[in-house]
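Engineer: Just so you know, we're using my numbering here: the first sequence kicks off at 29 and counts up by one.
A virtual CB, placed ideally from N, CA and C, is assigned to each residue, including glycine.
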Amino acid sequence: MQVEIRDDFDLQKIAACGQCFRAKPLAGGVWRFLTGRHVLYIKKLADGLYDVSCGEADWQAVWAPYFDLARDYGALRAQADGGCPFVRDAVQCGCGLRVLRQDPWETLVTFIISQRKNIPAISRAVELLAARFGEPVGAAGEPVCAFPTPEALAAAAPEALAACSLGYRTAYVRDAAEKVSSGELDLRAIAVLDDEALFQALQQVRGVGRKVADCVCLFGYGRTARAPVDVWIARAIDGQFGGRNPFPAYGENAGIVQQYIFYYQKNPTSSNREK
DNA sequence: TATCAGGGCCTAG
DNA sequence: CTAGGCCCTGAT
Numbered sequence: 029m030q031v032e033i034r035d036d037f038d039l040q041k042i043a044a045c046g047q048c049f050r051a052k053p054l055a056g057g058v059w060r061f062l063t064g065r066h067v068l069y070i071k072k073l074a075d076g077l078y079d080v081s082c083g084e085a086d087w088q089a090v091w092a093p094y095f096d097l098a099r100d101y102g103a104l105r106a107q108a109d110g111g112c113p114f115v116r117d118a119v120q121c122g123c124g125l126r127v128l129r130q131d132p133w134e135t136l137v138t139f140i141i142s143q144r145k146n147i148p149a150i151s152r153a154v155e156l157l158a159a160r161f162g163e164p165v166g167a168a169g170e171p172v173c174a175f176p177t178p179e180a181l182a183a184a185a186p187e188a189l190a191a192c193s194l195g196y197r198t199a200y201v202r203d204a205a206e207k208v209s210s211g212e213l214d215l216r217a218i219a220v221l222d223d224e225a226l227f228q229a230l231q232q233v234r235g236v237g238r239k240v241a242d243c244v245c246l247f248g249y250g251r252t253a254r255a256p257v258d259v260w261i262a263r264a265i266d267g268q269f270g271g272r273n274p275f276p277a278y279g280e281n282a283g284i285v286q287q288y289i290f291y292y293q294k295n296p297t298s299s300n301r302e303k
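1) Do you know how far the Cα of A51 is from the Cα of G166?
2) Check whether the Cβ atoms of R105 and I140 sit closer than 8 Å, and answer yes or no.
3) Using 10 angstroms around the beta-carbon of G122, count the other beta-carbons present and answer buried if the total reaches 16, otherwise exposed.
4) Where does K145 sit, in a helix, a strand or coil, going by DSSP?
5) At what residue ranges does the region 180-255 contain a whole run of the alpha helix (DSSP H), taking only runs of 4 or more?
6) Sorted by chain position, which residues of the same chain lie with C-beta nearer than 8 Å to Q130's C-beta, five sequence neighbours on each side aside?
7) Mapping DSSP to helix, strand and coil, what is R34?
8) One question on the structure: do L336 and V80 come within less than 8 Å of each other, judged by their Cβ atoms?
9) Between the C-alpha atoms of V119 and Q107, what's the straight-line distance to the nearest angstrom?
10) Just confirm the distance between the C-beta atoms of R234 and D203, as a whole number of angstroms; I'd bet it's less than 8 Å.
11) Using only alpha-carbon positions, find the residue among A205, D75, V257 that is nearest to A183.
12) Look at K72 and L39 and say whether their C-beta atoms are less than 8 Å apart.
13) Could you spell out the range, first to last residue, of the alpha helix (DSSP H) harbouring W59?
14) Confirm, please, whether the CB-CB distance from D223 to C245 is below 8 Å.
15) Please name the residue or residues paired with P53 in a DSSP beta bridge.
16) Exposed or buried, what is T297 when buried is set at 16 or more other beta-carbons lying within 10 Å of its beta-carbon?
17) CA-CA distance, E302 and A185?
18) Kindly confirm or deny that the region 254-268 and the region 145-158 touch, where touching means at least three C-beta pairs closer than 8 Å.
19) List in chain order: all unbroken alpha helix (DSSP H) runs of 4+ residues lying wholly within the region 100-131.
20) Ordered along the chain, which non-local residues of its own chain (more than five positions away) have a Cβ less than 6 Å from that of S142?
21) For the alpha helix (DSSP H) containing Y288, name the first residue and the last one.
22) Comparing C-alpha positions only, which one of V115, W87, Y78, Q88 sits nearest to A317?
23) Name the one or two DSSP bridge partners that K71 has.
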């Protein structure tokens with residue numbers, strides 16, 4: 029079916045801005061996205077017009093929330109810079125990206141895996157996990173597996189997990205799988221907590237520190253006041269903000285602005301390529 | 001081929 | 001608070 033999306037929406041940027049690791053361009057301009065057990069094939073037909081592989085019910089229930097379509101990014105961009113030239117350039121550069129609302133479990137594990145890895149390495153590890161422990165969910169002729177359940181990963185042999193390029197993170201993923209599958213950590217229940225309590229609850233898992241917890245808050249629970257500070261954002265703070273973290277001042281939009289700045293740090297436009 | 005850094009976290013000091 | 005180790009990959 030076809031859907032109309034009038035706000036900022038650039039599939040390339042959405043897939044490339046380091047928040048999801050399984051989005052993939054297929055032949056003919058089609059992009060594949062995955063979340064939970066859901067698969068979406070989406071293709072741009074014209075400005076603001078897209079062909080999607082799902083029906084209306086799934087679009088409304090799963091994918092519109094996933095792409096954060098209820099938020100007006102155009103309006104946010106217009107007001108976000110606060111007179112700061114760097115932020116102004118960043119939101120212009122990243123126009124079209126969206127902060128995805130992903131499955132909390134998948135977000136937790138993928139960001140545990142992300143530590144000390146670059147994006148291609150993260151994607152590789154996550155794909156190996158899905159292929160080895162996930163359920164097939166793809167369309168005919170396009171084999172792909174859902175992200176494994178907590179139960180599947182809890183039952184996995186450590187050696188089999190380690191074979192998915194997890195390295196020292198194997199123990200962390202196992203701890204997450206055990207805590208979640210046993211109910212010791214209830215990812216659904218903690219959704220009612222306030223930002224700080226959620227942030228703390230997530231750090232019960234081994235291998236989850238501030239940065240990973242913030243990523244899960246932002247990308248898995250839609251807590252847009254959280255702004256994860258990774259090496260790229262730290263560089264921006266040092267280089268552009270005199271060492272002072274600018275994100276608290278953005279309040280509920282901090283996480284969105286963080287994504288623009290992150291994208292800009294990694295994809296500087298030619299006129300701003302120094303540093 | 002060798003080296004380094006990569007969307008950190010844990011532990012010890 | 002800071003330094004080092006960690007397991008593996010991708011980039012140079």
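Structural biologist: Let me spell this out:
1) 13 Å
2) no
3) buried
4) coil
5) 186-189, 198-210, 223-230, 238-243
6) Q47, C48, T63, Y94, F247, G248
7) coil
8) As displayed, the chain neither begins before 29 nor continues past 303, which places residue 336 out of reach and without an answer.
9) 10 Å
10) 4 Å
11) A205
12) yes
13) No alpha helix (DSSP H) contains W59, which is instead part of the beta strand (DSSP E) from 58-63.
14) yes
15) W59
16) exposed
17) Its pLDDT being 39, under 50, E302 is placed unreliably by the model, and nothing is read from it.
18) no
19) 101-108, 113-121
20) I150
21) 282-294
22) Missing from the structure shown is residue 317; the chain here goes from 29 to 303 and no further.
23) V58, D79
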